[in-house]
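Chains as they are written, first to last, in my numbering: chain Z, 16 to 693; chain S, -4 to 106; chain G, 171 to 666; chain Y, -7 to 520. Contents: one structure, followed by commentary.
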Amino acid sequence: MFIELPLIILLLPLLAFVLMIFFGNKLPRQGDWLATGMMTITLLLSIVLLITKVGFYSSETITSNFDWVVVGSKSIGFGIMIDNLAAIMLVVVTLVSTLVHLFSMGYMKGDVRYSRYFAYLGLFSFSMLGIVLTNNILLMYVFWELVGISSYLLIGHWYEKKSASNAANKAFIVNRVGDFGMFIGILILFISFSSFTFEAIFESINAGQLPFGSEGWLTAAGILIFCGAVGKSAQFPLHVWLPDAMEGPTPVSALIHAATMVAAGVYLVARIFPMLTADALLVIAYIGAITALIAATIAITQFDIKKVLAYSTISQLGYMIMALGVGAYTAGFMHLVTHAAFKAGLFLGAGSVIFAMHASLHKLHDHSTDAQDIRNMGGLKSKMPITYWTFLIFTLAISGIPLTSGFLSKDEILAGTLAFSTLYGHWLLPLIGFVVAGLTAFYMFRLLILTFHGKPVSEKIQNGVSESPKVMTIPLMILAALSLFFFYSFNPFGAASGWFYTAVERPLSVVPELLQPATYALFYEAVSSVHSTAMILSILIAAAGVLMAVAVYQWKKISADDLAKRAGFLYKGSVNKWYFDEVYNIVFVSGSHVVMRALRWFDETIIDGIVNGAATVTKVFASVSGWIDTNIVDGLVNGTASTANRAGGLLSHIQTGKVQTYLLFVLFSFLVLFVLIL
Amino acid sequence: MEILMNTTIFVPGLSHFLVVSALLFSLGVMAVLSRRNVIMVLMGVELILNSANINLIAFSRFTELSLDGQMIGLFVIIIAAAEAAVALAIILNVYNRFNTINLDEINLLKG
Amino acid sequence: MVEQTLHSISLYLPEIVIVVTLCVIIVADLLVKGIKQVAAWIMLAGLFVSGFFVMLQTGTTDSIFYDMAAVDPFAVFFKVLLILTGIFIVLFSMKNTELEEYSTRIGEYYMLFAGMMLGMMMMAGATNLLLMFLALEVTSISSYVLAGYTKKSTRSSEGAMKYIIYGAVSSGIMLYGISLLIGVTASTDIYAINEALNAGTEQTLILNLSVLMIIVGLGFKIAVVPFHFWAPDVYEGSPITIAALLAVASKIAAFALLIRFFSVTFIDSAGLSVTGTWSSIEGIHWDVLLGGMAALAMIVGNLTALRQDNIKRMLAYSSIAHAGYILMGLVILTSEGLTSVMVYLFIYLFMNLGAFYVAILFMNKTGTESIEGYKGFGHRSPLAGVAMTIFLVSLTGLPPTGGFVAKLYIFGAAISAGWIWLVAIAGITTVISLFYYIRVVRNMYFFKPGESDEAITFDTTSKIILFALLIPTLLLGVYFQPVLEFARNSMLMFGF
Amino acid sequence: MELQIFGIGILTWIVFIPIVGMITILLLPDKNRNAIRWIAAIATGIQVILAGVIFAAFDRTKLGINDAESFQFMEKFSWITVEAVPWVGRIEINYFLGIDGLSVLMIILTSIIAFIGVISSWNIDKMVKGYFTLYLLLVTGMMGVFVALDFFLFFIFWEVMLLPMYFLIGLWGGPRREYAAIKFFLYTFVGGILMLLTMLALYFSVAYTDPATGQSVHTFNILHMMNPANYVDGGLLSGVDTTWRYVAWMALFINFAIKIPLFPFHTWLPDAHVEAPTPISVILAGVLLKLGTYGLLRINFPIFPDATVYFIYFMAALGMISIIYGAFCAMAQDDFKKLIAYSSISHMGIVVLGIAALNTQGMVGGVLQMFNHGIITAVLFLSVGVLYDRTQKRGLYDFGGIANQMPKYTGLAMIGMFAALGLPGLNGFVSELFSFLGAFEAYKWITIISVTGIIITAGYILWTIQRVFLGETPEKLTNLKDLTPREILMFVPLIVLIILLGIYPSPAIELMNSSLSHLVEFVTGGGL
């Protein structure tokens, strides 16, 4: 039963996609019920699967493999692998997807390409489930690209807007850069181990085989594959696409760019965790930390509600990556799960707000005011109570306030980094971790307060705002519930005793011992010793962040402008997102434009010119000799032709028409030949 | 003159003939190349042909070639005559068309 | 002696038939008045009869008139080619509007034509220097007159005049060379000369000089650079049928003579072997000379042809270039090379005559000889356009046409003999040749005919003649075994 | 394996059925335009059916390449035989057809593309008779090259394509058609001469001993040329690793590189593509370019294994340059067709890189890429054609917002574009994957640089999509009609293939797996 079930789970959304693409427009209500219904079935099946798997087969890994293609003597298989990681991820994806489907029925109502939108959601869900279910890095790459393309299609859903299609392009191309590394990594693995399956690769490494016989290449392979995660999970330096991706419809941002697709990178790192060397892990940890810090610092100063959330997503993803890097495997993955719930909630909540604002602005025929700018909001609390309260829960969760799911996972991550430092040094990692925790609490509460609290910026707009319909609020409530601690562990202050921790265990490293990170036992011991310190610190810092936000924005004790002025260039840098876009624009976009124009010029002038070029040489020659008249260009414009032509012209000048000249030439040649043969 | 007659030692050898013919040949070629009048050019051609004739006859006198050489000489004379006849006819026709027999002026066909 | 003479006469029947034809034409021209084209028909009949007698000689190897001429497969091969060309030229001439103006004295035309045929057939068989020279002169003198046949045309007159002056000087020089050769070896028979040379001689300077002088004469006849200057002017000036005759028949005959002369006279008999490669007599570098000339001919001919607008002139340069390719087969000094020369000539006959014929057809209908004037012809006359395209493609040497096979064999022979540099030049110049051939095609097809231009149609006879040339051109591209075997068997006369 | 219809081998049928169609067309009067079109469609349709039969009957386990016994559907007739003469021995040219795993896919590709080409030629109204006559002749030439096993025959088919192509571009092409046509002609002709000379050198260096008569026979048989034992002593190309063998390899390589086209022999391609009418661009990119790489694999690799190994690095580097260079140049284009033309250069570079890997993955990837690229560019050129038919424009900036006007068209075209971009799930990805897999095993850095090409490719494809399909629809484009059923008909088979082979490429790979493995062994083993 077990293999059919995941297959059905995988293929149902594909079926939905196909049906919606071909028949969506012809169905009643453009088929939204069909897509949502099928997704709901998928969700239910996934839950069944999760319970069965974790409940009854917890320690087993269920795989099935079939030959996809045989090349030479090597056969390449495709297959499905379900371990607890996959089972949990499955539920996360289907749950968020179902809720987003539901939410979209309200949010996207009346859209020009309504059925197309649902079709793409189906395609995305299919691809994402593929990533989760596969046992094989190649197939993962395949689905990896497919989620990329669905993300491309969804970001560009409103493709009439130039900014939307630009954002879609940017997302895809930046991801391609990461995928390039991942692709090379995959090539290395296959060439070394003749297989794409994780299992076989790990076994080979465990047996002491190394890519090209070198430890360096193993580390390189790990980092290269991680490049894929850098792209997809929007890690520094490839994080620039995610904020732009907010051009897509908000539910899409919730689904793809907050909860699931961007977490695929984390999932990927978790999948390949056993083959990562200590060096590779350290790189990963630092990338995560840098990302978390950069994004958090940017998020502080943004005013677009979705942009703030986007940067917060990047920052949280940095957390997860950092956690995996330091070896806090379970914590990282748990953060993925909890984050999926509350970040999806935040986005949907933001969606609800934007939806309401749009409706209000629409009524006022105001098309100049930005519906997403928090400076235009304020005081929406009373108008949208459900949205507000759920939003508050999500904010608490992301800030790591106790009793929320976010606290559980974040706390473990911070403990992990601290433990890592006690083992290896690298104090920067926990330092960044705690700073970012504070920043997170600060900017999230800033967002919450500016949006919902205080006085409305414009009474008129506020009057038009009303609570969203049920299809939109119910998903919010479900997600809010899921952002509370008891779903993950009955102990609100320690996740380690919960089912999650027992279900998802850090896998054993397969790399040669010298290259291994600290063993689980060692690491766990370190974590236990610093756990309480970390917990207290994290609570304090989060509280400080919240307090600061409240002081600045609620009580207005401290002027935000003042702070900004004091921060000086730091503020400027943060507002301008540390100029990443600008630098990339100059270096890569303009760079490639220069290269391509240069090559085009080269192609048309030099390469083609060599063919046509001899002509130029002859022309110079011609002007010197003054022999060749210039009016002889016939229909053959081509250069070689005209070269030959000119030569022909030269020769035909010998043909003077005077018979004695001919004879003179004959005599001359005669003499020359005579001299030659002597 | 007298001295020459008396010097009976002098017998023209093959090389004398060859030198004469070579001179004749060169004169013919010179005529062909330098004269602008077609008739004069034709005279040059005659010189060339006859220089060859001198060769042939000399060879038939001085080598085992015997009469073959002289026979060829005869044929050549006939051919030269035929050629001259044809040439003159053509030149006449050219004169009718161009009103000149200056070779430099007859060059419509070129290039 | 009488027996010998009678025997010789029986083997000389093809030539005699031509002589008879010549006489009959003269008589008929005087007596028969009512019948149109009577001379042409007589000429045609004569050629067929002569061809019949040539066919009878297949396989014979004999020497006639006291070693003056040979009747052997080699001669037969070339005579067949010559008669074929002759027949086609007669057919061309019958319909040529250029000649219609002179219809009252058309007898002269065919009479001279017959004379020229006689000379050329003699060239194919001559083994004695005297006969060789005579044959050459008979051919030349007839062709001088033929070139100037349309005497009301200034161009024709000018061409004829240049031709005769150039020709006379060349033959004079050649005669001087022959006289030197005869003097050194004391013999006029080429086999005897070969023996004498093989016995050893110190006169290499004189010999080389005489070789060079003879090359001047023969080079003039085959129009190879640097002795080619007459050709474009004469072709352009002559009636187009005569241009075709000069480009094909006279070249074929001259090659027959050239091959026989050089590959008999100057071959090191000790170096002959079954491997089919030979060497020239030490110290006499005729092969190098001819090789250089072949290269020059390919380069100069093809390059100069690029600039021509007159179709006759273009074909003149093209034929100069082809002379270069053909010569290549000779200078590599292998039997394979000679075979390939013969194959080339066989195919060259059809494709070149074909190109000339289409030019004749277009000229008959529109009066233009200018390639620029060909614009839109392909649309106005699909059949002739396609035919012209095929002939030109064949001349370029693209498969599946005969021209490809011809080049294939020449190139192949040269490669197998190791003359890579020559083949390289041939390859490059072939590419160049593409331009001027394709230009005609381009003009025919890539331009719309003008509003007033009507379709050009031809009568059935013309079409039949066209197909008679077209089909071999195409067929030889895919099936050439018979020609190859014919050429190869004809080669056996040298006894290798 | 033999398969005969009316006593004539199936390969002869598939090669010459277009000639039959051509002759029929020639006999019809000019005015019967539809009859002419239908005849062309039927002739090429029969080809497709025959190709299907071949696909079904093909024995996947046979090796082919150098082993005459394991070629399939073989037909061998003596064509020209000149009996032994003392100085050269016997001469033999055969009508020798046969296919192995290397050619079978190309035959299928050719038949499909030829058929689609006819459908997309339906709206050509200028000189219909001439057009289809030349078209069918061209098809015969292409098909012939893929089945010929005699070098002479190969060469004839190769050159037969030249003239029809010249006319098809030159008469039915765009504004600068003449220039493009002559450029194409010139390049190919130069290559042809090089090939001719090499062929002759091979011919005189190879002589096998006829087992029946004991005679030494010179032959154009490609398979005999692969056997070192058949080289005569002292032949120009005899021996191993001689300078002449390198020269000969290079001459052939240049010829094929012109067709592929590899940097720096590629400049004919953008012009030819841009000026050619749509169906001819389809044929050109879909089939003609593959002749180059096919030639490398059929002739260069097995006949000159030593030189191949000697030059292989050079070849891989050229492949790399083509990939990157083509991609950048594509990005710089404003003309839709030119963009696709340069993308072809880039994608054919992948083929070259793959086959230069000299291992099975690379080889399989390369050959599969030949097939896939054929299908994909066909779709792309058809897409341009559709727009060009409607607007007479090709500039990328002339369009925008097509997606709203022509949704069906946009969907189909975008699948093609994504396939070109190497999106997994579509066929382009599979072949690129294997090509790079193979290449990486052989050349690390070259491959890594080459793979950056996929980023650039994504760049120009997405940019193109954005400029053409996305955005607001400009006023002038608001009355565009979506695809007609005929147009859908020409897209659908290709799109189906793109998706099918993207998901499950095994049927295609099975066909060539054993042959290509054998080829790799043969070449790396030095031809033994």
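Every residue gets a Cβ at the ideal spot worked out from N, C-alpha and C, and that includes glycine.
Exposed or buried, which one is Pro156 of chain Y when buried takes at least 16 other CB atoms within 10 Å?
buried
Below 8 Å on the Cβ atoms is my contact criterion, and I expect Leu(-5) of chain Y with Ile2 of chain Y to pass it. Report the Cβ-Cβ distance as a whole number of Å.
4 Å
Contact criterion: CB-CB distance below 7 Å. Does Val356 of chain Y meet it with respect to chain B?
Chain labels in this structure do not include chain B; the protein chains are Z, S, G and Y.
Does Ile647 of chain Z come out as helix, strand or coil in the three-state DSSP assignment?
With a pLDDT of 30 at Ile647 of chain Z, under the threshold of 50, the modelled position of this residue cannot be trusted, and the question is left open.
Should Cys321 of chain Y go down as buried or exposed, given a rule of 16 or more other Cβ atoms within 10 Å for buried?
buried
Quick one: which residues of the stretch 659 to 670 of chain Z get their C-beta closer than 7 Å to a C-beta of chain S? List them in chain order.
Ser667 and Gln670
7 Å Cβ cutoff met for Ile392 of chain G and Met344 of chain G:
Taking the C-beta atoms as reference points, Met344 of chain G is found no nearer than 7 Å to Ile392 of chain G.
Mind checking the stretch 135 to 160 of chain Y against chain G and listing, in chain order, the residues whose C-beta falls within less than 9 Å of any C-beta there?
Listed in sequence order: Phe144, Phe147, Ile148, Phe149, Trp150, Glu151, Val152, Leu154, Leu155, Tyr158 and Phe159.
Using a Cβ-Cβ distance cut-off of 7 Å, determine whether Gly106 of chain S contacts chain Z.
So, interface residue.
Taking the alpha carbon of His149 of chain Z as the reference point, which residue from Z:Leu64, Z:Ile164, Z:Val189 and Z:Met96 has its own alpha carbon closest?
The sequence shown places Thr at residue 149 of chain Z, rather than the His named in the question. Nearest option by C-alpha distance: Z:Met96.
Members of the stretch 676 to 693 of chain Z that neighbour chain S once the beta carbon cut-off is set at 8 Å:
Leu678, Leu679 and Leu682
What are the start and end residues of the alpha helix (DSSP H) that includes Val556 of chain G?
Pro552 to Thr566
Would you check if the distance between the CB atom of Tyr156 of chain Z and the CB atom of Ile206 of chain Z is smaller than 7 Å?
no
I need the straight-line Cα distance from Leu252 of chain G to Met287 of chain G, nearest angstrom please.
8 Å
Taking DSSP as the reference, what is the three-state secondary structure of Lys89 of chain Z?
The three-state reading of DSSP puts Lys89 of chain Z in strand, counting E and B together.
Kindly say whether Phe12 of chain S, judged by its beta-carbon, lies nearer than 7 Å to any beta-carbon of chain G.
no
Neighbour-count burial assignment, Tyr514 of chain G, 16 or more Cβ in a 10 Å radius
That one is buried.
I need the straight-line Cα distance from Phe255 of chain Y to Ile313 of chain Y, nearest angstrom please.
Their Cα atoms are separated by approximately 7 Å.
By Cβ distance, which residues of its chain are closer than 8 Å to Thr255 of chain G, with the 5 residues on each side in sequence left out?
Leu415, Val418, Ala419, Ile422, Leu519 and Leu523
Return the CA-CA distance between Asp59 of chain Y and Ile91 of chain Y, expressed in angstroms with no decimal places.
11 Å
Report yes if the CB atom of Leu686 of chain Z is closer than 7 Å to the CB atom of Leu28 of chain S, and no otherwise.
Result no, Cβ atoms of Leu686 of chain Z and Leu28 of chain S do not sit closer than 7 Å.
Thr275 of chain Z and Val108 of chain Z look like a contact to me (Cβ under 8 Å); what is the Cβ gap, rounded to whole Å?
5 Å
What's the C-alpha gap between Leu651 of chain Z and Arg483 of chain G?
The pLDDT assigned to Leu651 of chain Z is 34, lower than 50, so where the model puts this residue is not dependable, and the model offers no usable value.
For Asn266 of chain G, name the three-state secondary structure that DSSP assigns.
The answer is coil: DSSP assigns Asn266 of chain G none of H, G, I, E or B.
On the three-state DSSP scale, how would you describe Trp642 of chain Z?
Any reading at Trp642 of chain Z must be qualified, since the residue scores a pLDDT of 31, below 50, and its modelled position is unreliable; no value is offered.
Val298 of chain Z versus Gly340 of chain Z: straight-line alpha-carbon distance, rounded:
7 Å
Same chain, Cβ closer than 6 Å to Tyr346 of chain G, neighbours up to 5 away in sequence not counted:
Met383
Beta-carbon of Phe617 of chain G versus every beta-carbon of chain Z: anything under 7 Å?
no
Please report the Cβ distance between Ser180 of chain Z and Gly171 of chain Z, rounded to the nearest whole angstrom; I am assuming they are in contact, meaning their Cβ atoms lie under 8 Å.
5 Å
Check whether chain G comes within 7 Å of Ala308 of chain Y, counting only Cβ atoms and requiring the distance to be less than that.
no
Ordered along the chain, which non-local residues of its own chain (more than five positions away) have a Cβ less than 7 Å from that of Val187 of chain G?
Gly216, Val219, Ser220 and Phe223
Cα separation between Phe561 of chain G and Thr643 of chain G?
7 Å
Would you mind telling me which residues of chain G sit closer than 7 Å to Val40 of chain S, beta carbon to beta carbon, in chain order?
Ala338, Val339 and Gly342
Buried or exposed for Cys193 of chain G, going by 16 or more other Cβ atoms inside 10 Å?
Around the beta carbon of Cys193 of chain G, fewer than 16 other beta carbons sit within 10 angstroms, so the residue counts as exposed.
Express the C-alpha separation of Trp256 of chain Z and Gly246 of chain Z in angstroms, rounding to a whole number.
9 Å
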